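Under the UniProt record's numbering, residues 1 to 367 are what the sequence shown spells out, in order. Idealized CB from N, CA, C, for every residue including glycine. Model, not experiment: these values are computed from the prediction.
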Amino acid sequence: MTQQHTPIPSTGTDPASAPAPAASATPTAGEHPEALPVIDLSLADGSPEDRLRLHDELRTAATGVGFFQLVGHGVTPAETAALTGAMRAFFDLPEAERLSVSNLNSPHYRGYTRTGDERTGGSQDWRDQLDIGAELPAHVPGDGEPPYWWLEGPNQWPSTLPELRTAALGWIDRLGEVAGRLLHELLASIGARPDFYDAAFAGHPHLRLKLVRYPGTAPDGAGQGVGAHKDYGFITLLLQDTVGGLQVERPDGSFLEVPPMEGAFVVNLGELLEVATDGYLKATSHRVVSPPGARERFSVPFFYNPRLDAHIEPLDFPLAHHAPGATADPENPLFADFGLNEWKGYTRAHPEVTRRHHADLIGPAAR
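Listed below in structure tokens is the structure:
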């Protein structure tokens with residue numbers, strides 16, 4: 001299926017009408033960070049000085065490395081333990097039980113992906129995972145509707161682990177609250193209306209998470225747990241275990257190790273925010289290196305994204321004249337309609353699911 005779509009246009013902000021920026025307003029992409037900044041979201045509830053400090057720190061991180069560690073988010077250790085306990089119980093199930101909820105069964109790309117069946121940049125990722133989203137009825141696209149509506153539908157759950165459904169859906173709701181609050185503070189930090197994108201998230205935002213296990217080094221010795229990539233949505237909140245392996249690309253092309261930090265989420269911004277701000281906010285390439293030997297690593301990325309049919313407008317903010325321009329990849333264009341990006345991402349990452357359920361919607365070369 002070939003469709004013509006318009007990429008997100010520039011903001012069109014008039015530089016002459018913008019106030020003079022603070023000293024830290026200019027993006028700092030040239031820095032060579034040795035550690036991610038740590039940002040305390042609870043400062044939003046403090047004094048005006050506390051909130052100003054929060055906004056300064058958010059702006060510096062979001063225009064520089066594009067990643068930070070988030071604390072003060074309010075998610076309790078008990079909530080985290082409920083999810084991680086259910087996750088480990090799932091991966092402890094016999095393979096036959098995990099395969100009973102294989103994503104090959106789902107036209108919505110929900111369910112279990114065996115090790116090596118997902119691809120990033122065309123290369124095999126050495127991890128297995130369970131894809132989960134908001135629990136909604138299937139939306140089979142009608143005549144004239146875009147194919148991305150296939151991404152809305154029910155999850156698959158193992159019948160022997162009812163606690164997994166409770167914990168995972170609770171995590172989606174809880175982190176949706178945290179990410180929504182964070183987005184408001186981030187927009188405020190660059191002088192934009194905090195609620196500028198509220199309409200795009202109204203109704204049924206496309207919130208998803210992955211329960212991921214990296215089972216150690218691949219038999220061929222390859223170290224790609226997941227290949228270098230940028231997230232293409234709005235905000236990702238990652239829960240790591242204690243093993244590590246996440247690496248963030250620096251401006252000079254080297255990679256920065258991100259050690260796990262107890263009680264913190266690793267936050268990164270997606271490409272839609274970079275494009276909507278003409279590069280003022282930064283989406284950064286990152287990867288996961290497989291743990292050595294047979295050592296396992298577990299992580300839970302949560303993706304905070306708008307409705308599939310949301311049209312992402314350029315952000316109106318007073319610092320737009322400092323924007324350096326968004327990076328562009330001709331092989332992977334971004335569209336203003338979020339669902340088109342999500343559909344492109346899933347059809348490429350899970351080619352077997354795509355061939356099984358959506359062969360009529362892809363080109364012959366991909367079948």
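How would you write the range of the beta strand (DSSP E) that Thr236 sits in, first residue to last?
Ile235 to Gln240
Taking the Cβ atom as the reference point for each residue, do Phe298 and Arg213 lie within a distance shorter than 8 Å?
Yes, they are a contact pair.
Taking the alpha-carbon positions, what's the Thr327 to Ser159 distance?
45 Å
By Cβ distance, which residues of its chain are closer than 6 Å to Arg208, with the 5 residues on each side in sequence left out?
The beta carbon of Arg208 sits closer than 6 Å to the beta carbons of Gly133 and Phe303 from its chain, once the five residues preceding and following it are set aside; these are given in chain order.
Could you tell me the boundaries of the beta strand (DSSP E) in which His210 lies?
Position check: residue 210 holds Lys in this sequence, whereas His was assumed. Note, Lys210: beta strand (DSSP E), Arg208 to Tyr214.
So, with DSSP's three-state summary, where would you put Thr354?
helix
Would you call the segment 188-195 and the segment 234-249 in contact, with 3 or more CB pairs under 8 Å?
no
Decide if Val101 is buried, meaning its Cβ has at least 16 other Cβ atoms within 10 Å, or exposed.
Result: buried.
Taking 8 Å as the cut-off, decide whether the C-beta atoms of Leu269 and Ala44 are in contact.
no
Could you tell me which residues DSSP puts in a beta bridge with Asp131?
Gly111 and Lys210
Kindly identify the DSSP beta-bridge partner or partners of Phe68.
Val267
Assign Thr76 to one of two classes, buried (16 or more other C-beta atoms within 10 Å of its C-beta) or exposed (fewer than that).
exposed
Using the C-alpha atoms, what's the distance from Ala96 back to Gly345?
Note on geometry: alpha-carbon atoms of Gly345 and Ala96 lie some 27 Å from one another.
Taking C-alpha atoms, which residue in Pro251, Phe265 and Val226 lies nearest to Thr236?
Phe265
Quick one: is Glu342 buried, meaning 16 or more other Cβ sit within 10 Å of its Cβ, or exposed?
buried
Can at least three beta-carbon pairs, one atom from the segment 348-356 and one from the segment 283-294, be found at a separation below 8 Å?
no
In whole angstroms, give me the CA-to-CA distance for Ala82 and Gly144.
42 Å
Does Tyr304 come out as helix, strand or coil in the three-state DSSP assignment?
strand
Distance between beta carbons of Leu211 and Leu130, contact taken as under 8 Å
That belief holds up - the Cβ atoms of Leu130 and Leu211 are roughly 4 Å apart, short of 8 Å.
So, helix, strand or coil for Thr347, using DSSP?
helix
For Leu136, does the count of other Cβ atoms within 10 angstroms reach 16, so buried, or fall short, so exposed?
exposed
Inter-residue spacing [alpha-carbon to alpha-carbon] between His73 and Leu334
30 Å
The beta strand (DSSP E) that contains Arg287, what's its start and end?
His286 to Val289
Quick one: complete alpha helix (DSSP H) runs, 4+ long, within the segment 149-199?
162-189
Which term fits Asp173, buried or exposed, when burial requires 16 or more other beta carbons within 10 angstroms of its beta carbon?
exposed
Backbone secondary structure at Arg51 - three-state DSSP
helix
Determine the direct distance from the alpha carbon of Gly293 to that of His204, and round the result to whole angstroms.
The straight-line gap from Cα to Cα measures roughly 42 Å.
Per DSSP, Asp337 is paired with what?
His311
Is the CB-CB distance between Tyr148 and Leu308 below 8 Å?
In contact: Tyr148 and Leu308 (Cβ atoms closer than 8 Å).
Measure the alpha-carbon distance for Pro215 versus His321 and round it to whole angstroms.
46 Å
Per the contact definition of three or more C-beta pairs closer than 8 Å, is the segment 243-262 in contact with the segment 45-59?
Result no; under three Cβ-Cβ pairs closer than 8 Å.
For Lys230, which residues of its own chain have a beta-carbon under 6 Å away from its beta-carbon, when the five flanking residues on both sides are left out?
Glu271, Ala283 and Ser285
For Ser100, write down the residues that DSSP places opposite it in a beta bridge.
Ser100 pairs with nothing; no bridge assigned.
Closest to Ser254 by C-alpha separation, out of Ala228, Glu57 and Ala200, would be which residue?
Scanning Ala228, Glu57 and Ala200 for the CA closest to the CA of Ser254 turns up Ala228.
Does the beta-carbon of Gly85 have 16 or more other beta-carbons within 10 angstroms, so that it is buried, or is it exposed?
Its Cβ having fewer than 16 others within 10 Å, Gly85 is exposed.
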